[in-house]
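These protein sequence lines are chains E and Z, in that order. Throughout, this note's numbering is defined as the position within the first sequence, counted from one, plus 11. Throughout, this note's numbering is defined as the position within the second sequence, counted from one, plus 1.
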Amino acid sequence: MGKRTVIPIGPYHPLLEEPEFFKLYCDGEIVKDMVWETGYNHRGIEKICQTKTFEQVFFVVERICGICSTSHPFAYANAVESIPGIEIPERAKYIRSIVGELERIHSHLLWVGLAGHFLGYNTVFMWAWKYREPVLDMFEIITGNRNSYAMFTIGGVRRDIDAEQATQLLSVLEDVKIKTDLLVGAVMDDPVIHARLKGVGVLTAKDIHDFGAVGPTARASNVDIDVRRDDPYAAYDMIDWKVITAQAGDVFAKAEVRLLEMYESISIIKQCLEALKKTEAGDIKAKVNEIPPGIGIGHAEAPRGEVFHFVKSDGGNSPVRHKIRAPSYTCIPTFRKSCIGGTVSDAAIATAAVDPCYCCTERMTQVYDHSSGKHLMNSAELIKLSQQKTKELKAKMKV
Amino acid sequence: MDIEKYMTDIKTKFPKIIETEVVNKKRLMIYIPKDLLLEIGDYLFNELGYRYIIVTAMDSKEGLEIIYHLSDDKSGWVVNLNVMLPRNKPEIESLTPVVYGAEWIEREIYDLLGIKFLNHPKPERFLLAEDWPKGKFPLRREYIEEKN
């Protein structure tokens, strides 16, 4: 075994939203091993939840993740409502699905932008984030907030969607669809992106099963799972939609799954808005008197995969145990498979491909010389290396 | 999934099972002794191909309780394995050799509740700070009482 170089990624870097630390052990260009450290941002939310009432927990879990801030309340609602077996009004189901899918659109747009940046396509980054803005504005119109929407409550939702908002939402969706076409074209028809992403960071169906990976990461490896279909909640069993999968398991397949999922989300929201017309306005919350003793297990499909909540009640005002599992918790360990054996310049995009959520699990990247412990590279330089590789590919392919 | 048949079948296959219970819609709880864990875990995860979700541990009245959550994605059922450990000797065999993905959560449970996982490939601190006092487990009852 020759001399190995250690490349640390993180824990604190202006490029990363929150701290996390990866060490890549490299032999020349090739990543040989990978170690991660977490806990830089452990906030003890599970413990905090035990001190709040069942209603207040919604506002706590909403703050676990700033990007997909409705996925945790979604899973928590499914868990806690299953204890007394509450059936929520149909209108509330549709509204929940609308908020959930709108979130998927903005989260996937955010990812497309970031992935573009990592590859050196900064125009894609600017575009994607620009197109994401109207979606966030739409959130403000519907829920009152661009982020942390505070839309869910036990037994339903806290705000109704009126006809005027529905019309506005439809026009935003039309616009998003056109922009998605544009992004899909930019990614799918670009020979450089094909050359850069195909065969990079491959995960097999067995890897997915071993790590328990979920969401687009699993679906890109042809593992056909989606909680929305497998264990339907909200309005997902009342409308027509399909689960997107891809075969290859590489970064390109993950991008493909996310881009095509946006079309499905647009279609789901449109159907929900249509269905809203047939239900009575204002009927958005079932009456809930108390949460009896018992166990509630709920999950929901967030943009990054399944969010899982376990709630135990002793008949009191607050949960006695609340366990939360974010999708990144099982997706991040797959880096061991997707990065090891690949090159350092592919590590940035291979890690970014699972869309790891810093807030949900935490992370960061840097590079060290293994024998001397000398610091060689930080995340910015690593991303630069990734961008450099794209540039070289472009030059080689004469585009 | 025909749950009645499923419960009878699994009890016949593993006579050591203490009890099976449908706790909620599509949620099955299987109470097992701790020496059955690896065998039944291997059967559900590898043979039936259930998806590993996560492990919940908590300090309950009877002792330290661990719940392994597995998902049968074909039917939408969540199958849970429930093991109760005595408070004076909270030890259990690590599930990581069978379910690779369980590595992180077992380290986390040791940090927060002090349950020891035997034969864990990497029994190191996971979430808590390096200078966190040894023998203090923030999700234990005595820690909460001590703080108050």
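We put the CB at the ideal spot given by N, CA and C, even for glycine. All values derive from a computational prediction rather than experimental measurement.
Taking 8 Å as the cut-off, is the C-beta of residue i nearer than that to any heavy atom in the ligand HEM?
i, result
"Y69(Z)", "Among the components of this structure there are no ligands whatsoever, and the ligand HEM is therefore not found."
Below 9 Å between beta carbons: does that hold for residue i and residue j?
i, j, result
"P103(E)", "G167(E)", "Reading off the sequence, residue 103(E) comes out as Ala, not Pro. Cβ atoms of A103(E) and G167(E): closer than 9 Å."
"M199(E)", "E267(E)", "yes"
"L287(E)", "I78(E)", "no"
"A337(E)", "A313(E)", "yes"
"L96(Z)", "E109(Z)", "no"
"D242(E)", "V80(Z)", "no"
"P59(E)", "Y36(E)", "Position check: residue 59(E) holds Ile in this sequence, whereas Pro was assumed. No, Cβ-Cβ distance for I59(E) and Y36(E) is not below 9 Å."
"S159(E)", "S82(E)", "no"
"Y142(E)", "K63(E)", "no"
"I33(Z)", "V84(Z)", "yes"
"L140(Z)", "L113(Z)", "yes"
"A231(E)", "A264(E)", "yes"
"L270(E)", "V135(E)", "no"
"G305(E)", "V23(Z)", "no"
"R315(E)", "V225(E)", "yes"
"S118(E)", "D366(E)", "yes"
"A412(E)", "S397(E)", "Residue 412(E) lies beyond the residue range present for chain E, which begins at 12 and ends at 410; the question has no answer from this structure."
"I153(E)", "I335(E)", "no"
"L38(Z)", "E66(Z)", "no"
Please report how far the alpha carbon of residue i lies from the alpha carbon of residue j, in whole angstroms.
i, j, result
"K43(E)", "I280(E)", "45 Å"
"D36(Z)", "G64(Z)", "17 Å"
"V7(E)", "K14(E)", "This structure cannot speak to residue 7(E), because chain E is shown only from 12 to 410."
"E73(E)", "A406(E)", "46 Å"
"M45(E)", "G352(E)", "10 Å"
"T8(E)", "T164(E)", "The structure shown does not extend to residue 8(E), since chain E is modelled only from 12 through 410, so no value can be given for it."
"N233(E)", "A259(E)", "7 Å"
"T9(Z)", "G96(E)", "25 Å"
"W138(E)", "D251(E)", "30 Å"
"Q377(E)", "T345(E)", "Model confidence at Q377(E) stands at a pLDDT of 41, short of 50, so the residue's coordinates are unreliable and nothing is read from them."
"E392(E)", "W105(Z)", "29 Å"
"E92(E)", "Q399(E)", "51 Å"
"I19(Z)", "I295(E)", "42 Å"
"D60(Z)", "I145(Z)", "11 Å"
"K253(E)", "P134(Z)", "50 Å"
"Q5(E)", "A174(E)", "Given that chain E is displayed from residue 12 to residue 410, the structure contains no residue 5(E) and the question cannot be resolved."
"I116(Z)", "W140(E)", "45 Å"
"D171(E)", "Q179(E)", "14 Å"
"T256(E)", "I93(Z)", "38 Å"
"K348(E)", "R28(Z)", "32 Å"
"I11(Z)", "G42(Z)", "12 Å"
"G102(Z)", "V331(E)", "26 Å"
"I94(E)", "P303(E)", "7 Å"
"I4(Z)", "K26(Z)", "11 Å"
"I68(Z)", "I31(Z)", "9 Å"
"V246(E)", "A86(E)", "It is Ala, not Val, that sits at residue 246(E) in the sequence shown. Taking the straight line from one Cα to the other gives about 14 Å."
"I236(E)", "E101(E)", "25 Å"
"I360(E)", "R240(E)", "29 Å"
Would you kindly report the start and end of the unbroken alpha helix (DSSP H) that includes residue i?
i, result
"V135(E)", "133-154"
"V198(E)", "174-199"
"W252(E)", "From DSSP, W252(E) is part of no alpha helix (DSSP H); its letter is neither H nor E."
"S108(E)", "101-130"
"Y53(Z)", "From DSSP, Y53(Z) is part of no alpha helix (DSSP H) but of the beta strand (DSSP E) over 52-61."
Terminal residues of the continuous beta strand (DSSP E) containing residue i?
i, result
"E291(E)", "That residue, E291(E), is in no beta strand (DSSP E); it is neither H nor E in DSSP."
"G21(E)", "Taken as a continuous stretch (DSSP letters only), G21(E) belongs to no beta strand (DSSP E), as it is neither H nor E."
"M30(Z)", "28-32"
"Y36(E)", "32-38"
"K334(E)", "332-336"
"M45(E)", "41-48"
"W78(Z)", "78-86"
"S72(Z)", "64-73"
"G136(Z)", "Neither: G136(Z) is in no beta strand (DSSP E) and is coded neither H nor E."
Closer than 8 Å is the cut-off here; do at least three beta carbon pairs connect the stretch 183-197 of chain E with the stretch 134-152 of chain E? yes
Check each residue of the stretch 339-360 of chain E: if its Cβ is closer than 8 Å to any Cβ of chain Z, include it; give the result in chain order. Y340, T341, P344
When you compare the stretch 70-78 of chain Z with the stretch 43-59 of chain Z, are there three or more beta-carbon pairs, one atom per stretch, that lie closer than 8 Å? yes
Below 8 Å, how does it come out for the stretch 43-56 of chain E and the stretch 119-136 of chain E: are there three or more Cβ pairs, yes or no? Taking a contact to require three or more Cβ pairs closer than 8 Å, the stretch 43-56 of chain E and the stretch 119-136 of chain E do not qualify as touching.
Taking a cut of 7 Å between CB atoms, which residues from the stretch 224-254 of chain E lie near chain Z? I236, D241, D242
Taking only beta carbons into account, state which residues of the stretch 106-127 of chain Z come closer than 7 Å to chain E, listed in chain order. F127
Give me the subset of the stretch 8-27 of chain Z whose CB atoms are less than 8 Å from a CB atom of chain E, sorted by chain position. The residues in question are V24, N25, K26, K27.
Decide yes or no for the touch test of the stretch 203-217 of chain E against the stretch 271-279 of chain E: beta carbon pairs closer than 8 Å, at least 3 of them. no
Say whether the stretch 324-343 of chain E touches the stretch 108-123 of chain E, bearing in mind that this needs 3 or more beta-carbon pairs closer than 8 Å, one atom from each stretch. no
Closer than 8 Å is the cut-off here; do at least three beta carbon pairs connect the stretch 292-312 of chain E with the stretch 186-196 of chain E? no
Please list the residues of the stretch 325-338 of chain E that have a C-beta atom closer than 8 Å to any C-beta atom in chain Z, keeping them in chain order. V331, R332, K334, R336
Could you list the residues in the stretch 134-145 of chain Z with a C-beta less than 7 Å from some C-beta on chain E, going in chain order? Within the stretch 134-145 of chain Z, the qualifying residues are P139, L140.
Where the stretch 204-221 of chain E meets chain Z: residues whose CB sits under 8 Å from a CB there: H220, D221
The stretch 45-62 of chain E: positions lying closer than 8 Å to chain Z by Cβ: T49, G50, H53, G55, E57, K58
Select from the stretch 305-321 of chain E all residues with a C-beta closer than 8 Å to any C-beta belonging to chain Z, and list them in chain order. G305, I306, G307, I308, H310, E317, F319, F321
Please list the residues of the stretch 90-116 of chain E that have a C-beta atom closer than 8 Å to any C-beta atom in chain Z, keeping them in chain order. Answer in chain order: S93, I94, G96.
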